[in-house]
Structures are given as C-alpha cells and as structure tokens.
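A quick write-up on the structure given underneath.
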Amino acid sequence: MASSVQPSLDQAPPFSIPLLFFLTAPLFGVIAGLLIFFFGPDALVSRWSEKTLAITHLLTIGVLGMLMCGALTQILPVVAGSPIPGVRWVGPIVHLLLTLGTLLLAGGFLSGYPAVFIGAVASLGVGFGLFILVATMALYKSWKASSSVVAIRLAIIGLLVTIVIGIYLALQFSGIVNVRNLMLLTNIHLAWGFLGWIGLLIAGMAFQVLPMFQMTPEYPGWFSRSFPIVIFIVLSSWSLLALFWMPSDEAYQLVWLIACIYGLFVPFSLYLQHHRRRKVNDISLFFWGVGLAVLFLVCLLYLIRHLGLWSPLLPPFALLQGGLLIYGFALSLTNGMLYKIVPFLAWFHLQDRKMKVIGVGGVRVPNMKELLSEPLVQSQFGFHLAALLVLGLALYRPEWFSRPFGLLAALSSALLWFNLYRVVYRYRRVNSGITNFAKEHAR
Amino acid sequence: MMHSTIAEKMSAGHQHCDDLFAAAESSVGQGEWGEARADFSSFNQVMEHHLRMEEEILFPEFEARTGQQGGPTEIMRGEHAQMRDLFLSMSEAVGESDQSGYLGSSETLLWIIQQHNSKEENILYPMIDNMLSSEVDLLLQKLSQLD
Chain W
1 MASSVQPSLD QAPPFSIPLL FFLTAPLFGV IAGLLIFFFG PDALVSRWSE KTLAITHLLT
61 IGVLGMLMCG ALTQILPVVA GSPIPGVRWV GPIVHLLLTL GTLLLAGGFL SGYPAVFIGA
121 VASLGVGFGL FILVATMALY KSWKASSSVV AIRLAIIGLL VTIVIGIYLA LQFSGIVNVR
181 NLMLLTNIHL AWGFLGWIGL LIAGMAFQVL PMFQMTPEYP GWFSRSFPIV IFIVLSSWSL
241 LALFWMPSDE AYQLVWLIAC IYGLFVPFSL YLQHHRRRKV NDISLFFWGV GLAVLFLVCL
301 LYLIRHLGLW SPLLPPFALL QGGLLIYGFA LSLTNGMLYK IVPFLAWFHL QDRKMKVIGV
361 GGVRVPNMKE LLSEPLVQSQ FGFHLAALLV LGLALYRPEW FSRPFGLLAA LSSALLWFNL
421 YRVVYRYRRV NSGITNFAKE HAR
Chain L
444 MMHSTIAEKM SAGHQHCDDL FAAAESSVGQ GEWGEARADF SSFNQVMEHH LRMEEEILFP
504 EFEARTGQQG GPTEIMRGEH AQMRDLFLSM SEAVGESDQS GYLGSSETLL WIIQQHNSKE
564 ENILYPMIDN MLSSEVDLLL QKLSQLD
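Chains as they are written, first to last, in my numbering: chain W, 1 to 443; chain L, 444 to 590.
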C-alpha cells in the first residue's frame, strides 16, 4: 500500500471513544433480554415475527455492531498501523447514530409505523456509512497487508453488503419498495452479516490476537491467508447465483460449504491453543472456548440438515442457528474480549498520564486484574452460560423456557455492564488521584 | 543465529523474551517460588538488554537520520518506561511470593509488550531497515557487541 505514508505510533484514540461503544453495548443486551422476558414464547417461535426481528437487531446491531465498531477504533492502529481518521469526532457521531438507529429499528418492528423505519434507515445508513468510510480510509493507508488486515478489509465489505440489503428490506417494511424475493434477500442479508462481517472480523482478530496474548503458534500462513478470501468468494458466488441464475435450493448447497470452512477454524484454533506457551488459564479463555464450541456445534447442525437428517421434533433450524450464532458464538467471544480490552485500556491511559504528569513513583496504578473484580466476573460467566443453556431449552419449549432465558440474558448483560463500569469508576478515582498528587507537588 | 535485517534480529529477540515471560509466569502460577525468582530474573535481564539495544543504538540512529526527536521513537521510549514500572512491581511480587500481585502485573505487561512489539515489528523495524539500508550490517554488528 501507500508506502510514502509515515505512520506515527501514537494513534490510540482517547479512552472515552472505545468506552462509549463498550459501555452502551451491554445495555442493548439488557433491553433485548427484558423484551424476551415480557414477550415470552412469542419472542422465540418464528424468525419472521416482528418481535423476534426487533430482538435480533437489538443484539446484532446494538450489541455486536456497537462492540465491533468500538473495538476497531482501538485495534486498527495496532493491527493495521493506521488510525481511523478524525476518530475524536467520528466516534461519538457513529455511536449516537447507531444507538438511535437501533432503537428506531426495534421500535419500527414493534410498532409497524413506516416513519419509524425511515428514521432507522437514515440513522443506521449514515452511521454505518460514515464508519465504513473512515475504516476504509484507515485500511487503505495500512502499511502491511497481513492476513488479519485482509480479513478485516473483507469484513468491512461484508458490513457494507449487509447494511445495503438491510436498508432495502427495511424500506419494504415502511412500504416504500416492494421486495419480490423477500425470503432470499433476507437470507443473503443475514449470511453476509454473520459469515461476512462478524465471522471474518472475529477470524481476522483471532489470527492476530491468539498468537499475541495466548502465545500460541501462528495460524499456518496458507490457512490464515486463504480463509477470509475463500469465505468471501463462496459467499459472493452463492449470493449472485441465488439472486440471478439458479433456483435458490441448488445455490443453497454452497452455503453448507461455507459452514464447513468455518468448521475448520475451530479445530485449528483449538490445536494452536493446545500448543500455547502460556499456561495460565483465565475467564476470557472460558468465554473463547464456549464460543468456539458453539460455532462447531452450528457447523455440525448444518451438516446434519444438509444430509437430510433434521427431525421435525427438533426446534426450527433457522431460529436455532441464529440463536446459537448470536448468543452462543459472537456474544461469548466479545464478552470475553471486553474483560481484557477495557481493563487494559484503563491501565494504559492511567499509566501514560501518570508518567507524563508525575513520572516514576508517586501514585500506584492498579494493574488489569486489580481493576476488575474476579468473583463478579466469574458470576457473570455463570449467568452467561446458564442463559445459553436455557436458550437451548427455550427454542425447544418456548412456552416454558423463553421467560427464564430472557431474564437470565438481561441479568448477564447487566452484570457485564456493571463489571465494566466498575473498571471505569476505579479509573476515574486513580485519575483524580494523579491530578491531586501533581497539584500538591507543584506547590 | 545470523540475521540479515534489523527486523529479523529484533523480532527474534521478541520471541525469546516471550518464551522467558511464559516460563516465569508458569512457575509463579504453580507456586514454585525458587524457580520463579530465577525465571523472572533471566526474563528481566534479557528484556532490559533488548530495550537497551533499541534505546542506545537503534533509536539514536533513526532519530539522527530522520531528524525526529518527538516522533515514533519517543512513543516507544514512553512505553519502555511503562514496562519498567511493571518489571518493578513483578520483581517485588516475586520477592514476596505474592502470586496474584505477580500475575496481575504480568498480564498487564504482556498486553503492553504485545501491542508495542506489533508496532515495532510491523512499522518501526521495517522503517529502520529501509532508511538505514546501507548501514544495516554495521548496526547488526553494534547490536551484537552491546554487553
């Protein structure tokens, strides 16, 4: 890429920018959980019900989209060596538009008012559009096209495709356009959202993060280089074939191929993890393990269904797949990630400020583990795991288990928020300690 | 082992430091304090030597060539200072057989080291190799001679 660009190495955004995203996301998890609790079985019987669509988008945009955008503001400077341009003002604007847009979209599904959908389309379109623009500018300037950078670039294209189709579908709900192949377009929208955007982004981060922080061997070059590209090509081919040439059933065969490729990601990651040089276990690893196990389970379910072995006694496939991928896979991984990235950023910004204002000694900056409360983190893991198990039951017997699932999911998200807020509270206290110390010694 | 670029030599150094870090952390995790003190001390020595190679040889050459004092090397020196603060906490913790204190600081150190190394390996070292291409052999020799 443009090698004349001189990268500066101090590109981390202010702590407040990723934090805006990280502290908002769990609140959408609380809202989604409470809605499931109030709606009961209605929330989990069909993927086409307005209630299910509202809850799904609170989780995918409000929680996952929010977290991914926040994480990218922080991770792009390190992984790609180039910051998001204007992150200080772009960050809060994107955050505001995503928050507003997610609430409006959920409100649109629940109320059915066309004007609310139009508001949602405008907010999310501009919010994600702006984010895609600045992320693309950062990635274009990136020095090194490592496999992580390639995966992240393709993930951003995946986000673009997801959003464009999503806007088109939302306009259908507002009555502005009349979508002919609604079901197929919806499938393409969610395939790009899961496999293209979230899946590739998580893979791209794993290629980099697993060797760094777990000290595993690197993913083999042929795998990490070809994985994102193969996924992207299969996904694009399937979408185009299904839309323009083949009846969707035949084209659908390609989708299970994507599932198998994702399935490969799991044994590779577990193998690498088995050979890691670090031997210390912690809670983030458990979250990561749960996420991978669920991903593998979903791939197996795909295979079972493809072989025609899906039994009518089992829950509807689409709901099971969606529930497991969103709640079991993506939310587990991002939940674990938050317990590392938020304490680290708090420590980093405190330590950086202390060194600049006071120098060595003076105020002691608590380390990452002191900033978090381990027992509370462990209980949140317990709530998350319990919610996941009850979700499995709720898809099987919605009339019995959907309310307990909603309640557990809301509690788990609320505790996650509290645990993160506690880090920020301690950050603020130490930060004012640094200010006071500097004032006293300036006299 | 012979290396032909700064990026190769210094990245191999990072790998070595990572190995020693993992060994010390694992001894502390198992509560083998005798071993832990020895492992930490060799990790600390090798890290310190690596930081000095940068601060005493590579950064000054880079600064002289680019005329940049407040640029990338300034940020890197700042992060080195943050690491040294953590070495100190870890050294105290290992001396007092304080397991949770050590593991809290070492986890934090690992995070700062890894994002620091990633910036050096992907950006700074390749820049140094590029800018000082005619002097790389001389620089490699100087680096090997630093005690």
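Built from N, CA and C at the ideal position, the CB exists for glycine as well.
| Item | Value |
| --- | --- |
| May I have a chain-ordered list of the alpha helix (DSSP H) segments no shorter than 4 residues that lie completely inside the segment 49–130 of chain W? | 50–57, 66–79 and 87–111 |
| Confirm, please, whether the CB-CB distance from W:Val-377 to L:Gly-472 is below 7 Å. | no |
| Let me make sure I understand the geometry here. Which of W:Asp-352, W:Val-150 and W:Leu-104 has the alpha-carbon closest to that of W:Ala-122? | W:Leu-104 |
| Which chain L residues are close to W:Leu-81, counting only those with a beta carbon under 8 Å from its beta carbon? | Per the sequence shown, residue 81 of chain W should be read as Gly rather than Leu. Neighbours of W:Gly-81 on chain L, chain order: Lys-562, Asn-565 and Ile-566. |
| Which residues in chain W sit within 9 Å of L:Gly-521, going by Cβ to Cβ distance? | Asp-10, Asp-352, Met-355 and Lys-356 |
| Quick one: what does DSSP say W:Pro-7 is sitting in, helix, strand or coil? | Below a pLDDT of 50, predicted positions are generally treated as unreliable, and W:Pro-7, at 45, falls in that range; the measurement from the model is reported next regardless. In this structure, W:Pro-7 counts as coil in the three-state DSSP scheme. |
| Do W:Ala-394 and W:Leu-408 count as a contact pair if the criterion is CB distance below 7 Å? | no |
| Excluding the five sequence neighbours on either side, which residues of its own chain have a C-beta within less than 7 Å of the C-beta of W:Ala-138, listed in chain order? | Leu-76, Ala-80, Ser-82, Pro-83, Ile-84 and Pro-85 |
| If you drop the 5 nearest sequence neighbours on each side, which residues of the same chain put their C-beta closer than 7 Å to that of W:Phe-194? | Leu-325 |
| So for W:Ser-236, helix, strand or coil by DSSP? | helix |
| Assuming W:Val-90 contacts W:Val-134 under a Cβ cut-off of 8 Å, what Cβ separation, rounded to an integer in Å, is found between them? | 5 Å |
| L:Asp-590 by DSSP, collapsed to three states: which one? | coil |
| If you count every other CB in all the chains shown that lies within 10 Å of the CB of W:Ser-311, and 16 or more means buried, which is it? | exposed |
| Excluding five sequence neighbours on each side, which residues of the same chain lie with their C-beta closer than 8 Å to the C-beta of W:Phe-383? | Leu-408, Leu-411, Ser-412 and Leu-415 |
| Just how far apart, CA to CA, sit W:Leu-97 and W:Gly-119? | 10 Å |
| Among residues of its own chain, excluding the 5 on either side of L:Ser-532, which ones have a beta-carbon nearer than 6 Å to its beta-carbon? | Ser-548 |
| State the start and end residues of the unbroken alpha helix (DSSP H) segment that holds W:Leu-333. | 331–357 |
| Please classify L:Glu-497: does DSSP put it in a helix, a strand, or coil? | helix |
| Report buried or exposed for W:Leu-19, applying the criterion of at least 16 other Cβ atoms within 10 angstroms of its Cβ. | buried |
| Helix or strand or just coil, what does DSSP make of L:Met-533? | helix |
| Identify whether W:Ala-2 lies in helix, strand or coil by the three-state DSSP scheme. | Since pLDDT at W:Ala-2 reaches only 32, below the 50 mark, its modelled position is unreliable, and the value read off the structure follows with that caveat. Of the three classes helix, strand and coil, the one that applies to W:Ala-2 here is coil, per DSSP. |
| Applying the criterion that 16 or more other CB atoms from any shown protein chain within 10 Å of the CB defines a buried residue, is W:Ser-3 buried or exposed? | Any reading at W:Ser-3 needs caution, since the residue's pLDDT is 35, under 50, leaving its predicted position unreliable; the model's value is listed next. When all chains shown are included, W:Ser-3 counts as exposed. |
| With DSSP run on the structure shown, which of helix, strand or coil describes L:Asp-482? | helix |
| Can you grab the Cα-Cα spacing for the pair W:Val-5 / L:Gly-538, in whole Å? | Reliability of the predicted coordinates at W:Val-5 is poor, the pLDDT of 38 falling under 50, and the value obtained from them is presented with this limitation in mind. Each residue's alpha carbon lies about 46 Å from the other. |
| Just confirm the distance between the C-beta atoms of L:Asp-528 and W:Val-360, as a whole number of angstroms; I'd bet it's less than 8 Å. | 7 Å |
| Name the chain W residues whose beta carbon is nearer than 9 Å to that of L:Thr-448? | Ordered by position in chain W, no residue passes the 9 Å Cβ test against L:Thr-448, which lies about 15 Å from the chain. |
| Would you check if the distance between the CB atom of W:Leu-154 and the CB atom of W:Phe-232 is smaller than 7 Å? | yes |
| Does any residue of chain W bring its CB to less than 7 Å from the CB of L:Gly-472? | yes |
| Residues in its own chain within less than 6 Å of W:Val-116 by CB, not counting five upstream and five downstream? | Leu-104, Gly-107 and Gly-108 |
| Assign W:Pro-7 to buried or exposed, taking buried as 16 or more other Cβ atoms, counted over all protein chains shown, within 10 Å of its Cβ. | Residue confidence for W:Pro-7 is low, a pLDDT of 45 falling below 50, so the modelled location carries little weight; the figure read from the coordinates is stated next. W:Pro-7 should be labelled buried. |
| For L:Trp-476, which residues in the same chain have their Cβ closer than 7 Å to its Cβ, ignoring the five residues on either side in sequence? | Ser-540 |
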